[in-house]
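One structure is given below, encoded as structure tokens.
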Amino acid sequence: MVSETKTTEAPTLRRELKARHLTMIAIGGSIGTGLFVASGATISQAGPGGALLSYILIGLMVYFLMTSLGELAAFMPVSGSFATYGQNYVEEGFGFALGWNYWYNWAVTIAVDLVASQLVMSYWFPDTPAGSGAPCSSASCSC
Numbered sequence: 084m085v086s087e088t089k090t091t092e093a094p095t096l097r098r099e100l101k102a103r104h105l106t107m108i109a110i111g112g113s114i115g116t117g118l119f120v121a122s123g124a125t126i127s128q129a130g131p132g133g134a135l136l137s138y139i140l141i142g143l144m145v146y147f148l149m150t151s152l153g154e155l156a157a158f159m160p161v162s163g164s165f166a167t168y169g170q171n172y173v174e175e176g177f178g179f180a181l182g183w184n185y186w187y188n189w190a191v192t193i194a195v196d197l198v199a200s201q202l203v204m205s206y207w208f209p210d211t212p213a214g215s216g217a218p219c220s221s222a223s224c225s226c
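In terms of my numbering, the sequence shown opens at residue 84 and continues consecutively.
Given below as structure tokens:
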């Protein structure tokens, strides 16, 4: 009789992401609903030159932020999110608050995306009822 023993190993980190994976993650995170919906308001207030300048400025800030986060990940790889770095380098409460703020950000973003889908839908299909875009988008994302 062969006895089976189950060993529980802690999850380990593996460096298996290739450059194409990171590129697609970056593109997917950059192009969102805000690019299409909020660009009109930005261009109407600042003009095309001001909008381009503001996007370049924000892009530079995001570049430096992500470079810093990449340096932290290379220096101290952890099996956690960036909130772990706040917990380890600043304070435990800071990491906790950072994690919950990040969750809240994405909880609100989902609602904004559903409202934006209604705005886009009402532009292309003006005869659609006002409340039909959000449930249709929510159902299509859930399937």
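The beta carbon of each residue, even a glycine, is placed where N, CA and C say it ideally should be. Note that the structure is predicted; figures quoted are calculated from it, not measured.
Pick out whichever of P218, L197 and T211 has its Cα sitting closest to the Cα of G115.
If you number the sequence shown from 1, residue 115 lands on position 32. The residue with the shortest Cα to Cα distance from G115 is L197.
The alpha helix (DSSP H) with R103 in it runs from where to where?
By 1-based counting over the sequence shown, the position of residue 103 is 20. Taken as a continuous stretch (DSSP letters only), the alpha helix (DSSP H) holding R103 covers A102 to S113.
Between Q170, L96, S221 and Y187, which has its C-alpha nearest A199's C-alpha?
For the purposes of this step, residue 199 is taken as residue 116 along the sequence shown, with counting starting at 1. The residue with the shortest Cα to Cα distance from A199 is S221.
Return the residue from the list D210, V191, A190 and S215 that minimises the CA-CA distance to Q201.
Here residue 201 is taken as the residue at index 118 of the sequence shown, counted from 1. Cα-wise, what sits closest to Q201 is S215.
Counting only the same chain and skipping the five closest in sequence on each side, list residues whose C-beta sits under 6 Å from that of V161.
Locating residue 161 in the sequence shown gives position 78, counting from the first residue. Here the set comprises T167.
Please classify Q170 as buried or exposed, where buried requires at least 16 neighbouring CB atoms within 10 angstroms.
Indexing the sequence shown from 1 puts residue 170 at position 87. Classification for Q170: buried.
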